[in-house]
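Taking it in order: structure first as structure tokens, then the write-up.
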Amino acid sequence: MLVAYGGGSFVLNLDQIDHIQLDVNNRALVQKRYLESLDFTQVTSLVPWIESIPFAVDNGSEHLGLFESKSIYSTTVAFSVTSSQFSNWQKHLFEHSIEYVLMEHDLFWSMHFSDPGGTPFEIKSYDCIA
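Right, dumping it as structure tokens:
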């Protein structure tokens with residue numbers, strides 16, 4: 003559960019993040035990468051509206067809305083994974099020829115890569131020994 007403080011005697015509760023909006027300059031190219039190389043799937047319940055709304059993909063409970071836009075705003079999307087998932091992601095990115103940078107931090111390990119539209123991603127593990 004996410005909690006936002008309402009600045010008074012109340013607390014606003016949020017159940018979860020619904021989606022992360024990614025502005026991309028070539029939605030077809032970017033969605034292809036998500037579907038073919040990053041194991042996301044199309045949100046089929048939104049197919050009837052695809053022409054008028056963004057293409058949406060998910061990977062379990064993570065939803066990304068891909069908006070075609072001439073103005074691109076860079077927002078890093080970070081996902082937390084277990085140590086075994088971290089290792090699987092390393093192998094998966096390598097197998098799909100997706101370049102990434104592996105970084106060791108004091109509290110966690112992370113790998114950084116970008117989608118074809120330039121959106122930066124971070125996959126991190128707090129219990130990982132790379």
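Quick note on our numbering: the sequence shown kicks off at 3 and runs consecutively. Quick reminder that beta carbons are idealized off the backbone N, C-alpha and C, glycines included. Bear in mind the structure is a predicted one, so any value in this text is a computation, not a measurement.
Short of 7 Å from the beta carbon of residue 98, and not among the five residues preceding or following it, lie these beta carbons of its own chain, in chain order: 39.
Note on geometry: alpha-carbon atoms of residue 82 and residue 88 lie some 9 Å from one another.
Rounded to the nearest whole angstrom, the CA to CA distance from residue 95 to residue 122 is 14 Å.
Counting C-beta pairs with one atom in each stretch, the stretch 109–118 and the stretch 26–36 have three or more that are closer than 8 Å, which means they touch.
Per DSSP, the continuous beta strand (DSSP E) segment holding residue 82 begins and ends at 79–82.
Residue 91 and residue 37 have their C-alpha atoms spaced approximately 15 Å apart. In the DSSP assignment, residue 32 falls within the unbroken alpha helix (DSSP H) covering 29–38. Secondary structure note for residue 85: its alpha helix (DSSP H) is the uninterrupted segment 85–97.
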